[in-house]
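Residue numbering for the sequence shown follows full-length UniProt numbering, starting at 1 and increasing by one per position.
Inspection log for the structure reproduced underneath, given as structure tokens.
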Amino acid sequence: MEPYPVINPLECKGCERCILACKGKVLFMSDKINERGYHYVEYKGSGCKGCGNCYYTCPEPHAIEVHIPLKKRRN
């Protein structure tokens, strides 16, 4: 499994900082609008590098995080 961002649509205010910071260019602005009236960011579904740039540039504390799955151990 590869890393992937998890976006909380309710917390995202659509500032696009994460989109600009993304090395893999895997984030995009949704056509959908959240409960607060903002368009929010979505993940394309693959290609995340796990760099965390999206997380570090986001001004909203709970809007985005990056999940990096643990590698399976070889027996």
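The beta-carbon is built from N, C-alpha and C at its ideal position, and this holds for glycine as well.
Near residue i, which residues of its chain fall below 7 Å by C-beta distance, leaving aside the five closest residues on each side in sequence?
i, result
"Lys13", "Tyr38, Glu60"
Please name the residue in the options whose C-alpha comes closest to that of residue i.
i, options, result
"Val26", "Ile33, Lys32, Glu16", "Glu16"
"Lys23", "Gly50, Glu2, Lys32, Met29", "Gly50"
"Cys54", "Met1, Ala21, Tyr4", "Ala21"
"Cys18", "Gly52, Lys72, Arg74, Lys71", "Gly52"
Within the same chain, show all residues whose beta-carbon is closer than 6 Å to that of residue i, passing over the 5 residues directly before and after it, in chain order.
i, result
"Pro9", "Asn34, Tyr40"
Buried or exposed: residue i, going by 16 or more other Cβ atoms within 10 Å of its Cβ?
i, result
"Ile68", "exposed"
Tell me which same chain residues have a C-beta within less than 8 Å of the C-beta of residue i, skipping the five on either side of it?
i, result
"His62", "Asn8, Glu11"
"Pro3", "Cys48, Lys49, Gly50, Val66, His67, Ile68, Pro69"
Query - Sequence ranges, alpha helix (DSSP H) only - wholly within the UniProt domain "4Fe-4S ferredoxin-type" (39 to 69), length at least 4 - result: 53 to 57
Query - Continuous alpha helix (DSSP H) assignments of at least 4 residues falling wholly in the UniProt domain "4Fe-4S ferredoxin-type" (3 to 32) - result: 17 to 21
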